[in-house]
Structures are given as C-alpha cells and as structure tokens.
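Take the sequence shown: its letters are residues 1 to 341, numbered as in full-length UniProt numbering.
Quick notes on the structure that follows.
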Amino acid sequence: MRVSAPVSARRAKLTFMVTGQPMRAWLLMAAGDDRGHGGNAGYDDQVDSHYTWDSKVPNHKNPRVGDSVAIWDKERLLGVSVIEQIVTSLGTKTLNRCPHCGTTRISSRKTVLPQFRCMKCHEEFSIPRSEVVEVTHYTARYDAAWTALDGILTGREVRGLAVNAGEFNSIRSLDWDAVRAAFVAKGADRAVHRVEARVDLSWGSATGGRVEFSQGFDHALVRVRRGQQQFREHILATQGSVCAFTGDAPPRVLEAGHLYSYARLGTHVEHGGVMLRRDIHRLFDDGLLAVEPNRLRVDVAPSLAVYPQYARLDGEPLSLRLRDQQVEWLAKHWDEHRVGS
Numbered sequence: 001m002r003v004s005a006p007v008s009a010r011r012a013k014l015t016f017m018v019t020g021q022p023m024r025a026w027l028l029m030a031a032g033d034d035r036g037h038g039g040n041a042g043y044d045d046q047v048d049s050h051y052t053w054d055s056k057v058p059n060h061k062n063p064r065v066g067d068s069v070a071i072w073d074k075e076r077l078l079g080v081s082v083i084e085q086i087v088t089s090l091g092t093k094t095l096n097r098c099p100h101c102g103t104t105r106i107s108s109r110k111t112v113l114p115q116f117r118c119m120k121c122h123e124e125f126s127i128p129r130s131e132v133v134e135v136t137h138y139t140a141r142y143d144a145a146w147t148a149l150d151g152i153l154t155g156r157e158v159r160g161l162a163v164n165a166g167e168f169n170s171i172r173s174l175d176w177d178a179v180r181a182a183f184v185a186k187g188a189d190r191a192v193h194r195v196e197a198r199v200d201l202s203w204g205s206a207t208g209g210r211v212e213f214s215q216g217f218d219h220a221l222v223r224v225r226r227g228q229q230q231f232r233e234h235i236l237a238t239q240g241s242v243c244a245f246t247g248d249a250p251p252r253v254l255e256a257g258h259l260y261s262y263a264r265l266g267t268h269v270e271h272g273g274v275m276l277r278r279d280i281h282r283l284f285d286d287g288l289l290a291v292e293p294n295r296l297r298v299d300v301a302p303s304l305a306v307y308p309q310y311a312r313l314d315g316e317p318l319s320l321r322l323r324d325q326q327v328e329w330l331a332k333h334w335d336e337h338r339v340g341s
C-alpha cells in the first residue's frame, strides 16, 4: 500500500566505496495489485525493468540516476539493480477519498460489502468520492543491471535493511552496508559486485552528466555517458557487425561492450571494447562468460552451462582478432571472475 500522507524526505544512508564516493540506495515496493490501495488505481511496474510512481508519493523526488535499488513485494526480495534512467511526465491521477473524512487511506475489499472501508475513521461505504489531481509521473529504468534474487531474503529481513525502522513508505532509504552484509551471508556476493560495479561514481563529473529536456509535456532525466554513441560507431566501423562471442548479427541487437568497468574508469578507451549481443553483454559483465587469456577461448561458468545455447560456446574461439590491449583487458576480467573468484 502506498501512503500519500506528507512526510519529510529522508536521504539514503551514505555508504562509502573504495574510491571514497558516496553510494545511495533505495528500497522500492512493487507488489502488483497490492501496491495500490483503494485510494488510487495502482502503478505500472515490471520489476525486472522499471518502476513507476508519482508526485503524491513520499520521497518521490529523492531517487536519482546512479542510485542502487532493491525491489520487493512485501513478502520477499525480488532483485537489485542500479537506476539507469528516470523519465518524468506531467499528467493526472484519480484519487478515491472517504466520503466521510476525506482521506485517501481507504481499503478496497474483494469479499465483503460494502466494498470500501476507511482506515482512518473506519466508516464503510460503497462508492468513494473521486478527485482528479495533477501530478508528475516518474518511471525509473534499471534493466541493464538487473539481478534477480527472488526470495533470497524474506519480507521481514528486507524491512530490517531500511534506514528508518518502522517506515511504511513504498520508497524507503536503504542501508547498503546492511544489504551487502545480508547478501554475503546468503552467498549472493555476485549481486553485490554487480551493483557496486554499475554505480556511476562519476555522476555529475566531467565524464557523466545530468540532462533535462522537454518534448511537449514530457521531461526526462538521464545519465549521459559522453562519447558512448561515438564509441559504438567506432567499434562497428573497425570490427564490423559481429558479436565477439557469437558471430555475425544485425547492428540493432549489438551493444558496445566495455572490456573494463566504465563506471570505475569513467572514460572510453579506444581499444577497450567489442560489439556484443545484449544478452552476451550482460552475461560478460556478470562474469558468467569470460575469455581465457592464453588461448583466447570462451569459458562458460557452470551455472550458465545448463542452458544449451550458451553451453555450446564453451571452448570456442572468439569471432574476431583482438589487439594486444583488448587481450590485456580480457586478462584482467579473467583474473577478477575466474582466478579471484
């Protein structure tokens, strides 16, 4: 249930990474039909790609591009990621109010009549008083770094990770130190690594920026990797429309994959990338796919080898000739995900 009563905005607890830069984290509640209550129509969420809210929600202005997020459904943790984009638009929202006291804190009951009950004055009624209000709609996209962790933590365990104990808002400040400790205790170290590697520590610096633009009534706030498009065009021109792991592919399904962590280095290296199919790109970033640097052969992690389409890549050579600098980056990736794991 989303509580719309005004509360003071609470900043996420700052967790300092090895670079000394702060990391912000949020707990986002996405429980399908349960996410709304009788006072509104709910929200359009797809937990593995995006999360939506509006300006009537407490803390609505606080999540930012580059913040880490944990998604739950009140019963269990669903997964974690890093916000890549926040798109906003002006619109309206229908609020259903108690006809007796005017609050939106009403519950819609499925098996009891009358259908509605006020959670403030406890009156019951069949028809709420409707009101259309102007709001700002927000959609946060985070699919690039999404890591599913369905059920690794119970709802009670997830609640204990919030900065403010007892908070009921659907957007809550999250204690990332506590999250890291909980994940490590559950053997989910890979999820911690993936999120922390994806957090853009150069946010607001010379290598990244904050851009607001408008198209009619639409506004967007996005993280910009300066030179990303040029980086992709350069790789396509020099290496062709080829996924380094799987071979020829149409350009529209290929991404410019960095052989190093862009978030950590904060710059594009001329020979620091290859074209990768989107699924291959994500699996490479996770370390589930790697390249043995001496033989330049693909290595498939055991957990990925259960899928035939990826298992057949194991031991295969890459689909293009590499420069020495690319081999050096792949060796560092190998050390991180094979030797050091």
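Glycine residues also receive a C-beta, built at the ideal position from the N, C-alpha and C atoms.
Boundaries around A178 are those of the alpha helix (DSSP H), W176 to A185, since no beta strand (DSSP E) includes it.
Counting other Cβ atoms within 10 Å of its Cβ, R252 stays below 16 and is therefore classed as exposed. Secondary structure at V195: helix, using DSSP grouped into helix, strand and coil.
As DSSP reads the structure, M275 sits in a beta bridge with A256. E131: member of the beta strand (DSSP E) spanning R129 to R141, first to last residue.
By the neighbour-count criterion, in which a residue is buried when 16 or more other Cβ atoms sit within 10 angstroms of its Cβ, H281 is buried. Put simply, the backbone Cα of L304 is about 22 Å away from that of A249. By the Cβ neighbour-count rule, E131 is exposed, with fewer than 16 other Cβ atoms within 10 Å of its own.
Judged by their CB atoms, W26 and D67 are nearer to each other than the 8 Å cut-off. In this structure, the straight-line span from the alpha carbon of Q326 to that of G257 is close to 12 Å. Taking each of T92, A237 and P128 in turn and checking the Cα distance to S108, the smallest one comes out for P128. Contact between the segment 328-339 and the segment 286-301 is present, with at least three C-beta pairs closer than 8 Å. Put simply, the segment 182-191 does not touch the segment 91-105. Fewer than three CB pairs are less than 8 Å apart.
In this structure, DSSP gives T238 a helical state, which the three-state scheme calls helix. Counting along the chain, G79 sits inside the beta strand (DSSP E) bounded by residues L77 to V82. Setting aside the 5 residues that flank it on each side, A311 is surrounded in the same chain by V300 and A305, each with a C-beta closer than 7 Å to its C-beta; the list follows chain order. For Y51, the enclosing beta strand (DSSP E) has its first and last residue at H50 to D54.
DSSP lists S108 and F125 as the bridge partner or partners of F116.
Exposure of Y307 is indicated by the presence of fewer than 16 other C-beta atoms within 10 angstroms of its C-beta. In the structure shown, L95 falls within a strand segment according to DSSP collapsed to helix, strand and coil. Per DSSP, D324 lies in no beta strand (DSSP E) segment; the continuous alpha helix (DSSP H) that holds it begins and ends at D324 to W334. According to DSSP, Q46 shares a beta bridge with H50.
Bridge partners of I171 according to DSSP: L28.
Put simply, of S126, L90, R295 and T139 the residue whose alpha carbon is nearest the alpha carbon of V133 is L90.
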